[in-house]
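Residue numbers (this note's numbering), protein chains in the order written: chain P, 3 to 370; chain W, -5 to 367; chain R, 25 to 266.
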């Protein structure tokens, strides 16, 4: 045990002596969470759109005003003809064009219906769809107003309650994700070079001949970084709560426990990468190239997992970040306790044990 | 001049001799391109739907049936109480819960309107918004058919006014997310590889001691940097080419615009990334530091590129920050040229900014490399 | 500058913040000499050498190498010197031949000349069998010899060797010094730092640095007389203690 403590101490000193790396390790996640918390949102605001009004009558004017008044849209251009649409879209600034058919008002009165085309630049299909939906919503409201006097229509009116996030703040969706991916990537990166570094510097031999057991070596390399990552986690959580006003409906203690568990799983993954890499460069490339996109894309951070093809949904199960995001959202936004999260927690635990186990095994192989 | 050739020769030999790295440089990104492009979609489907029917009337059943028939919703369960439903939503099992009140059918016939309880798991605000829209659409269309069902002779019939909206999705009629995401993810992968390779390259020579040896030779700074840039530039272009072929063959991404323009732009873009990488490499002492810094910028470049969340949605100060994000320009150009067929004049703003960026970053890289300290 | 001097140093100083690593050293090195730049680890030898080879700016003082000023003409200096760093600095992931080609090319040698020199070098060192092996796979002693030969590829006026014989067996060290003699005989000045005092015996003249200052500068024989000792090792011990 004493040997182990001595070993862990040495690892500690290594880390804390490298002031520059330390600064990077702490400073960067803070900058990132602040940046992303504010910047990553898919609420649409002031989207530049244009109007092609073939009618130019009182009704179209009223509709255009309504759209202009909404905070979602900003009418930047008036288009004169169909031919202009292509060049406008090619320039890339205008995202949608609302085209009113001619004799709009007349048609509404005589035939009780008139058409508006919502022409969107769907190279960004998400924004296009959202714009379409929002315009539709505004028009439906307007339509309701027009029909208020109409008698005898049966109306079922949905009274919608948005659970856990009544104001539909996208911060609630993204901040847990940002927390998770920053913690995961930083932790995995930190440990990924720890063993390969010893290999490259040649100090590995010293370790191998010492009486420290392989298991102790692996754990000894993880322990100092737990401390570092926990500090990172605390800072990130504090920032989320105070600056982004994330609620903590559930137990802070449980959040702390789960965070530590997640951190350990990420560190263990890093160690695993370390044991299978020959050089520092390889280890770094694997942890950077191999983790970055899969974690961002498959964790449910931005894209809902339920919308992915089945094969990918299965693969997403091996991404530790996915489970942690569920846990964080559960605790902070829903206020649930361990009884709802035991499945996710045990999966994280299992992954950690698995990563450490394989690392120890690979490390033992070197001994032989 | 000739010295550059020698450096290029050495770098290429080192890269291609390292089989492990080759796999990481080529196979890993392309594998990710193929697999992960399928992940990126904001489409909301398979909405897990549950209901509480306190009425059990033919009307309530008809309403539920409408949800069942919709391709967006999966009717998973019905609950007998709100607490059951709440518990299920807490557990993450359902997304939308419909509550039909008692005497639903009777009250609707008498009063002409009825309220319907809808609870949506709004943690993903955007998805919740979409689910809300779909729910409303189904209810509205149900409403329209109601009068036919419940019409009583004493009713006067007045037609409601209908504003018909026809959505038209240009360049991507089927709202195929892949059309949009595949080129974007390719951009990210090329960026990451070139940034990481260039970022760690000079530091590595520093760490193993060969950089000192090189600094004692009469080689010019610019020759050295160019010699190091070129192989990575080639790798970046190569990766792009293979990626585009995959995009076309496997994902059928349209390539409407000029491929020449695409390549021309990319060749300048890669220089920006390489310049940033070399600049980082000059200032760090260990590969570890270089890696962390490269990671820092990469995550920011990726998340603020406009690929996953629109730049227009960001606060103004954040949008200004993205002006310094080279990936943002690449994503814009890629979409404009490949998907819309935009021409040289259309992408001139992005092109000139990227060119400027390339000149500045590489100038900085050369300037900050000191043969004598 | 005295035409016979290949290196001239006057009051050369290097400070890092408050710490003076090299403290106003003065000496010259004549053409064709084997000059031993001795001192304990940390005495400042490597720092001093870095200034002479043009990769470190002096804080104050004057120095000229191969007729060029170390402040203003570092690039010209580099054209005329060779260098073998403490870490031997060859690329482990390139073959012997590839390393030779690379460094030869950096020094501006034509491909023809490089091939010629490569053949020569490989023959002289008996490396025919391993010419196409990665340098990383070779034993330390061979790497050393290759690194030394590479530093001479462009026929420099002076070659700077920083602790060239670290970590190898006595026989290999002996062989290495024979290579140094050969180079010196063909007119190349050799400036070598070492902390092996027995190697000092092989030099024409030596200087001994203690804590940044040169405490002794003469031929080995004269120094031994001066301090009334048998070996250079004893000279050093006397200086270090004194």
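Using N, Cα and C, we set each Cβ at its ideal position, and we do this for glycine too.
Quick caveat: nothing in here was measured; it's all calculated off a predicted structure.
- Inter-residue Cα distance where the pair is residue 159 (chain W) and residue 336 (chain P): The residue given as residue 159 (chain W) occupies position 165 in the second chain. The residue given as residue 336 (chain P) occupies position 334 in the first chain. The straight-line gap from Cα to Cα measures roughly 37 Å.
- Under 8 Å Cβ-Cβ, which residues of chain P neighbour residue 423 (chain W)? Only positions -5 to 367 of chain W appear in the structure, and residue 423 (chain W) is not among them; the question remains open.
- Message: What ranges does the alpha helix (DSSP H) occupy inside the stretch 34 to 84 of chain R, keeping only unbroken runs of at least 4 residues that lie completely in it?
- Response: 69 to 76
- Item | chain W residues whose Cβ lies nearer than 9 Å to that of residue 117 (chain R) | Here residue 117 (chain R) refers to the residue found at position 93 of the third chain. Correct list: 7, 8, 11, 12.
- Message: Looking only at its chain, what residues have a beta carbon closer than 6 Å to the beta carbon of residue 136 (chain P), apart from the 5 residues adjacent to it on each side?
- Response: Position 134 of the first chain, counted from the start, is the residue given in the question as residue 136 (chain P). Hits under 6 Å: 74.
- Task: Determine the burial state of residue 29 (chain R): buried for a count of at least 16 other Cβ atoms within 10 Å of its Cβ, exposed for fewer.
- Result: As a first step, residue 29 (chain R) is located in the third chain; it is residue number 5 there, counting from the start. Per the 10 Å Cβ criterion, buried.
- Which value, in whole angstroms, describes the spacing of the CA atoms of residue 216 (chain W) and residue 127 (chain R)? The count along the second chain starts at 1 and reaches residue 216 (chain W) at position 222. The count along the third chain starts at 1 and reaches residue 127 (chain R) at position 103. Residue 216 (chain W) and residue 127 (chain R): Cα-Cα distance of roughly 17 Å.
- From what residue to what residue does the beta strand (DSSP E) around residue 303 (chain P) run? Counting from one through the first chain, the residue named residue 303 (chain P) turns up at place 301. That residue, residue 303 (chain P), is in no beta strand (DSSP E); it is neither H nor E in DSSP.
- Query: If we cut at 8 Å on Cβ distances, does residue 173 (chain R) have a partner in chain W?
  - Reply: As a working note, residue 173 (chain R) is residue 149 in the third chain. Residue 173 (chain R) does not count as touching chain W.
- Message: Just to make sure I have the definition right: I need the residues of chain R whose C-beta is within less than 8 Å of the C-beta of residue 213 (chain W). Which are they?
- Response: For the purposes of this step, residue 213 (chain W) is taken as residue 219 along the second chain, with counting starting at 1. In chain order: 130.
- Message: Please list the terminal residues of the continuous alpha helix (DSSP H) segment that includes residue 237 (chain W).
- Response: As a position in the second chain, residue 237 (chain W) is number 243, starting the count at 1. Boundaries of the alpha helix (DSSP H) around residue 237 (chain W): 215 to 243.
- Does the beta carbon of residue 348 (chain W) sit closer than 8 Å to a beta carbon anywhere in chain P? On the second chain, residue 348 (chain W) is found 354 positions in, with the first residue counted as 1. False, the Cβ-Cβ gap to chain P never drops below 8 Å.
- Query: Is any heavy atom in the ligand PLP found nearer than 7 Å to the beta carbon of residue 222 (chain W)?
  - Reply: Among the components of this structure there are no ligands whatsoever, and the ligand PLP is therefore not found.
- Query: Within 8 Å (strictly less), CB to CB, does residue 113 (chain R) reach chain W?
  - Reply: Numbered from its first residue, the third chain carries residue 113 (chain R) at position 89. Output row for residue 113 (chain R): interface = yes.
- Message: At a CB distance below 8 Å, what residues from the stretch 349 to 366 of chain W approach chain R? Give them in sequence order.
- Response: Taking 8 Å as the upper bound on Cβ-Cβ separation, chain R lies near residues 365, 366 of the stretch 349 to 366 of chain W.
- Can you tell me which of R:170, R:99, R:240, R:201 puts its alpha carbon nearest to the alpha carbon of residue 366 (chain W)? What you label residue 366 (chain W) is simply residue 372 of the second chain in a count that begins at 1. Ranking the options by Cα distance to residue 366 (chain W), first place goes to R:99.
- Message: Give me, in chain order, the residues of the same chain whose beta-carbon lies closer than 6 Å to that of residue 272 (chain W); leave out the 5 immediate sequence neighbours on both sides.
- Response: Translated into the one-based positions of the second chain, residue 272 (chain W) becomes position 278. Cβ neighbours of residue 272 (chain W) beyond the five flanking positions: 192, 359.
- Message: Here's the rule: buried if 16 or more other CB atoms are within 10 angstroms of the residue's CB, otherwise exposed. What is residue 357 (chain P)?
- Response: Indexing the first chain from 1 puts residue 357 (chain P) at position 355. Per the 10 Å Cβ criterion, buried.
- Touching by the beta-carbon criterion (3+ pairs, under 8 Å), the stretch 77 to 84 of chain R and the stretch 116 to 126 of chain R: No: fewer than three Cβ pairs fall under 8 Å.
- Message: Suppose only complete runs of 3+ residues qualify. What are the beta strand (DSSP E) ranges in the stretch 20 to 86 of chain P, listed by chain order?
- Response: 49 to 55, 75 to 81
- Residues in the stretch 325 to 339 of chain W having any Cβ partner in chain P nearer than 8 Å: Of all residues in the stretch 325 to 339 of chain W, 326, 329, 330, 333, 334, 335, 336, 337 have a Cβ within less than 8 Å of some Cβ in chain P.
- Item | Residue range of the unbroken beta strand (DSSP E) whose run includes residue 108 (chain R) | Taking the first residue of the third chain as 1, we reach residue 108 (chain R) at position 84. Segment 105 to 108, the beta strand (DSSP E) holding residue 108 (chain R).
- For residue 121 (chain W), go through chain P and note every residue whose CB falls closer than 7 Å to its CB, in chain order. As a working mapping, residue 121 (chain W) is identified with position 127 in the second chain. Simply 306.
- Message: By the three-class DSSP mapping on this structure, what secondary structure does residue 25 (chain R) have?
- Response: Here residue 25 (chain R) is taken as the residue at index 1 of the third chain, counted from 1. Confidence at residue 25 (chain R) is low in this model, with a pLDDT of 49, below 50, so the placement of that residue should be treated as unreliable; the coordinate-derived value is given next. In the structure shown, residue 25 (chain R) sits in coil (DSSP, three-state: anything other than H, G, I, E or B).
- Report the rounded CA-to-CA distance for residue 25 (chain R) versus residue 343 (chain W), giving the unit in angstroms. Sequence index remark: in the third chain, residue 25 (chain R) carries index 1 (1-based). Sequence index remark: in the second chain, residue 343 (chain W) carries index 349 (1-based). Its pLDDT being 49, under 50, residue 25 (chain R) is placed unreliably in this model, and the value from its coordinates should be taken loosely. When rounded, the distance between both Cα atoms is 59 Å.
- Would you tell me roughly how many angstroms separate the C-alpha atoms of residue 276 (chain P) and residue 355 (chain W), rounded to the nearest one? Counting from one through the first chain, the residue named residue 276 (chain P) turns up at place 274. Counting from one through the second chain, the residue named residue 355 (chain W) turns up at place 361. Going by the C-alpha atoms only, they are around 32 Å apart.
- Message: In the DSSP assignment, the beta strand (DSSP E) including residue 207 (chain W) goes from what residue to what residue?
- Response: To locate residue 207 (chain W), count along the second chain from 1; it is residue 213. Looking at the DSSP string, residue 207 (chain W) is not in any beta strand (DSSP E); the run it does join, the alpha helix (DSSP H), is 204 to 209.
- Query: For the stretch 271 to 285 of chain P, which residues have a beta carbon sitting closer than 7 Å to at least one beta carbon of chain W?
  - Reply: 280, 282, 283, 284
- Message: Which complete alpha helix (DSSP H) runs does the stretch 147 to 220 of chain R hold, if anything under 4 residues is left out?
- Response: Whole alpha helix (DSSP H) segments, 4+ residues: 164 to 175, 194 to 209.
- Enumerate, from N- to C-terminal direction, the unbroken alpha helix (DSSP H) stretches of 4 or more residues contained entirely within the stretch 236 to 296 of chain P. 254 to 278
- Query: Whose Cβ in chain P lies nearer than 9 Å to the Cβ of residue 206 (chain W)?
  - Reply: Numbered from 1 along the second chain, position 212 holds the residue referred to as residue 206 (chain W). None at all; the shortest Cβ gap to chain P is about 18 Å.
- Test item: CB-CB of residue 279 (chain P) and residue 198 (chain P) under 8 Å: Reading the first chain from its first residue, position 277 is the one you call residue 279 (chain P). Reading the first chain from its first residue, position 196 is the one you call residue 198 (chain P). In this structure, residue 198 (chain P) lies closer than 8 Å to residue 279 (chain P) by Cβ.
- Task: Could you name the residues of the same chain whose beta carbon sits closer than 8 Å to that of residue 139 (chain P), not counting the 5 residues immediately before and after it, in chain order?
- Result: As a first step, residue 139 (chain P) is located in the first chain; it is residue number 137 there, counting from the start. Within the same chain, residue 139 (chain P) has no close Cβ partners at all.
- Query: Closest by CA to residue 139 (chain W), which one among W:79, W:85, W:56, W:352?
  - Reply: The residue you call residue 139 (chain W) lines up with position 145 of the second chain. Measuring from the Cα of residue 139 (chain W), the nearest candidate turns out to be W:56.
- Message: Looking at residue 202 (chain W): is its Cβ nearer than 8 Å to the Cβ of residue 218 (chain W)?
- Response: The residue you call residue 202 (chain W) lines up with position 208 of the second chain. The residue you call residue 218 (chain W) lines up with position 224 of the second chain. In this structure, residue 218 (chain W) does not lie closer than 8 Å to residue 202 (chain W) by Cβ.
- Query: Which of the three DSSP states, helix, strand or coil, is assigned to residue 365 (chain W)?
  - Reply: The residue labelled residue 365 (chain W) in the question sits at position 371 within the second chain. In the structure shown, residue 365 (chain W) sits in coil (DSSP, three-state: anything other than H, G, I, E or B).
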